[in-house]
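The structure under discussion appears below in the form of structure tokens.
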Amino acid sequence: MEQNQNTRYQSPLSSRYASDEMQRLFSAQFKFSTWRRLWLMLAESEKELGLNITDEQLDEMRAHLDDIDFEAAAKHEKRLRHDVMAHVHTFGEVCPKAMPIIHLGATSCYVGDNTDIIIMREALKLVRDKLVSVVRVLADFAQQYKDLPTLGFTHFQPAQPTTVGKRAALWLNDLLLDLQELEFVQSTLLPRGVKGTTGTQASFLELFDGDYQKVKELDRLVARKMGFERSVPVSGQTYSRKTDSRVVNLLAQIAQSAHKFSNDIRLLAHLKEVEEPFEKTQIGSSAMAYKRNPMRSERIASLARYLIVDAQNPAVTAATQWFERTLDDSANKRISVAEAFLACDAVLSLYLNVASGLVVYPKVIEKHLRAELPFMATENIMMDAVKRGGDRQELHERIRQHSMEAGRVVKMEGGENDLLDRIAADPAFGVTREELEKHMNPADFVGCAPMQVENFLHEQVQPVLEKYQNVSASADIRV
25 MEQNQNTRYQ SPLSSRYASD EMQRLFSAQF KFSTWRRLWL MLAESEKELG
75 LNITDEQLDE MRAHLDDIDF EAAAKHEKRL RHDVMAHVHT FGEVCPKAMP
125 IIHLGATSCY VGDNTDIIIM REALKLVRDK LVSVVRVLAD FAQQYKDLPT
175 LGFTHFQPAQ PTTVGKRAAL WLNDLLLDLQ ELEFVQSTLL PRGVKGTTGT
225 QASFLELFDG DYQKVKELDR LVARKMGFER SVPVSGQTYS RKTDSRVVNL
275 LAQIAQSAHK FSNDIRLLAH LKEVEEPFEK TQIGSSAMAY KRNPMRSERI
325 ASLARYLIVD AQNPAVTAAT QWFERTLDDS ANKRISVAEA FLACDAVLSL
375 YLNVASGLVV YPKVIEKHLR AELPFMATEN IMMDAVKRGG DRQELHERIR
425 QHSMEAGRVV KMEGGENDLL DRIAADPAFG VTREELEKHM NPADFVGCAP
475 MQVENFLHEQ VQPVLEKYQN VSASADIRV
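Heads up: the sequence shown begins at 25 in this note's numbering, then just goes up one per residue.
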């Protein structure tokens, strides 16, 4: 049978969910062309420090950074059982004059680990851009709905009202925490640099005839060429695998925030208060044509769960490494780190898509509020009655009895909340139905929520948006 994309397994993260930009970073082309660039950086730096490397050799390497013969590399790897040496030979075949100095003094982790750090650095930029774009969209949403009262929920039971914008501010706050962590990880992410086989730089000390200053300068030069100020201060054969754990933990934290948002949207969709965007031609169910399932929010939750669990992989890998290195990190790392970034990219694309098209139904929100406000207004009603000479304890007991009976009507009979009618008919309160209505303004029950949103957006969110004013990302998704 002919082998093609329809007869071989493909990760859904690649075929359905992750963006082309993120996939490019984890592609074979990007990985192995970065290896070649690292070999060039090493050779350039070694020449600058006096080793016998010619301009002709360097020019030959520069001319073949991207024209990788993957079939030849696969044949070499099948024969050698070593991916790095397979690509050394593949590179050397198109750079015969440079072949003697390719990978000079280096170990496999020189290209492998440094490339992984470069990929993570670039991938974190994409994650940051999408994260900031979600923050921008939610900030606009919070501003627009900062004054719209809505029923609050604790334990998913009716609680003191908040505003739609204040609820969005809670989603925003989680994302700002994630962005702070991302910036810290970015600022402390360092390459392995030029450290030799077990991290002692012994081969380079030999190359430079025992001159440790040149060894240190080589490490510094290569790090600079990679775009870093410095490399890790010490390493074994690899950089500490805690680095992978730190990075994937960050991605998992973003997944936690996205999952929380998606849960809230799914619950609000059930209440018909807020919905994710729904296309005109979109089908909610193959059987129930009327359905408007929150499938994008459900997909956020699904992929976020995968990412949260995936964070255990680099954590266990870091914990179980032996001494300077064991190779049981390799196969797991190839899968877990790449898939974590692809999953995070997909989650943020969906988050941005949903947040950009949220649909709010104020009339439904008001209906739900009005069904619960009489219970919440009872304290104010009781205080007014006490001011008119009523007995606080007697009034409290009457309100309790009326509330229980009104609740019974709602739950047992499916009727409307008639608590206000009951209070108006009770002479102990001495108040008319019309007078009770003055206690039914939802805005009176949201406390400082509108001002909190204003302050939060001004003091916390706006500085972030100004810092990243030139950052943008697409809200498009494939399916």
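Backbone N, C-alpha and C fix where the C-beta goes; we use that ideal spot for every residue, glycine too.
Note that this is a predicted model, so its numbers are computed, not measured.
Could you check how far apart the C-beta atoms of residue i and residue j are, in whole angstroms? I think they sit under 8 Å.
i, j, result
"Ile125", "Ile77", "5 Å"
"Ala370", "Ala147", "Not quite, the Cβ-Cβ distance comes to about 13 Å (not below 8 Å), so this is no contact."
"Ile324", "His283", "7 Å"
"Phe228", "Val239", "5 Å"
"Gln167", "Leu481", "6 Å"
"Met65", "Val246", "5 Å"
"Leu460", "Leu444", "5 Å"
"Ala497", "Lys149", "That pair is no contact at about 11 Å."
"Pro318", "Gly381", "Between Gly381 and Pro318 the Cβ distance is about 12 Å, and since that is not below 8 Å, they are no contact."
"Gly189", "Val477", "5 Å"
"Ala67", "Leu104", "Actually they do not touch by this definition, with Cβ atoms about 22 Å apart."
State the start and end residues of the unbroken alpha helix (DSSP H) segment that holds residue i.
i, result
"Thr178", "Here Thr178 belongs to no alpha helix (DSSP H); instead the beta strand (DSSP E) covers Pro173 to Thr178."
"Gln487", "Here residue 487 is Pro; the residue named in the question, Gln, does not match the sequence. Residues Gln486 to Lys491."
"Gln425", "Arg416 to Met436"
"Asp164", "Ser132 to Gln168"
"Ala449", "Leu443 to Ala449"
"Trp63", "Ala52 to Glu72"
"His294", "Lys266 to Leu295"
"Cys368", "Ser354 to Ser380"
"Lys99", "Phe94 to Leu104"
"Thr114", "Asp107 to Val118"
"Glu300", "That residue, Glu300, is in no alpha helix (DSSP H); it is neither H nor E in DSSP."
"Ser504", "In the structure as shown, the chain begins at 25 and stops at 503. Residue 504 is therefore absent and cannot be evaluated."
"Tyr330", "Met319 to Asp334"
"Leu393", "Pro386 to Met400"
"Phe480", "Ala473 to Phe480"
"Tyr236", "Tyr236 to Lys249"
"Gln47", "Asp44 to Leu49"
"Arg457", "Arg457 to Glu461"
Alpha carbon to alpha carbon, what distance is there between residue j and residue i?
i, j, result
"Gln184", "Leu37", "41 Å"
"Ala495", "Asp408", "The sequence shown places Val at residue 495, not Ala. Whole-angstrom Cα-Cα distance: 54 Å."
"Ala122", "Thr221", "22 Å"
"Leu291", "Gln204", "28 Å"
"Arg40", "Arg320", "13 Å"
"Gln29", "Gln486", "46 Å"
"Lys55", "Thr139", "7 Å"
"Val410", "Gly454", "10 Å"
"Glu322", "Tyr330", "13 Å"
"Ile501", "Asn287", "20 Å"
"Ser269", "Tyr236", "32 Å"
"Gly234", "Ala355", "36 Å"
"Leu200", "Ile289", "19 Å"
"Asp44", "Phe50", "10 Å"
"Ala192", "Pro257", "42 Å"
"Ile447", "Ile423", "8 Å"
"Thr350", "Gln210", "26 Å"
"Met428", "Ala449", "16 Å"
"Glu437", "His179", "24 Å"
"Ala335", "Ser360", "8 Å"
"Ala541", "Val503", "A query on residue 541 cannot be resolved here, the shown segment of the chain reaching from 25 to 503 and no further."
"Lys99", "Arg61", "22 Å"
"Phe165", "Gln34", "37 Å"
Measuring CA to CA, which of the options is closest to residue i?
i, options, result
"Ser259", "Pro182, Gly223 and His283", "Gly223"
"Ser69", "Gln47, Gln81, Leu201 and Glu241", "Glu241"
"Ala401", "Met464, Gly438 and Asn441", "Met464"
"Gln280", "Leu327, Glu300, Pro257 and Val239", "Leu327"
"Thr58", "Leu206, Val485 and His111", "His111"
"Leu231", "Ser380, Arg320, Gly74 and Ala379", "Gly74"
"Arg48", "Thr456, Leu201, Ala193 and Leu366", "Leu366"
"Glu297", "Met250, Val384, Met319 and Ser380", "Val384"
"Thr186", "Pro474, His283, Ala499 and Asp445", "Pro474"
"Asn337", "Ala325, Asp352 and Gly251", "Asp352"
"Leu206", "Arg145, Pro257, Val188 and Gly234", "Arg145"
"Ala96", "Arg86, Ala247, Phe115 and Pro318", "Phe115"
"Val156", "Ala430, Asp107, Glu440 and Ala379", "Ala379"
"Asp83", "Trp63, Val333 and Val488", "Trp63"
"Asp198", "Gln417, Phe285 and Val503", "Phe285"
"Val488", "Val118, Arg152, Gln53 and Arg32", "Arg152"
"Glu117", "Asp137, Arg105, Lys102 and Ala87", "Ala87"
Between which two residues does the beta strand (DSSP E) carrying residue i extend?
i, result
"Pro185", "Gln181 to Thr187"
Please report whether the beta-carbon of residue i lies at a distance below 8 Å from any beta-carbon of chain D.
i, result
"Lys391", "Looking for chain D here will not work: only one protein chain is present."
Between residue i and the ligand NAP, is the CB less than 7 Å from at least one heavy atom?
i, result
"Ala367", "By its list of ligands, the structure shown contains no ligand whatsoever, and the ligand NAP lies outside what it can speak to."
**OP:** Check whether the stretch 131-139 touches the stretch 90-105, counting contact only when three or more Cβ pairs, one atom from each stretch, lie closer than 8 Å.
**Re:** no
**OP:** Could you tell me whether the stretch 201-218 touches the stretch 252-265, using the rule of 3 or more Cβ pairs below 8 Å?
**Re:** Contact between the stretch 201-218 and the stretch 252-265 is established, with three or more Cβ pairs separated by less than 8 Å.
Subject >> Segment contact flag, the stretch 165-176 with the stretch 467-481, C-beta cutoff 8 Å, min 3 pairs >> reply: Yes: at least three Cβ pairs fall under 8 Å.
Original post:
Touching or not, the stretch 340-352 and the stretch 274-288, by the rule of three or more beta carbon pairs under 8 Å?
Top reply: no
Original post:
Is the stretch 143-162 close to the stretch 370-388, with three or more CB pairs under 8 Å?
Top reply: yes
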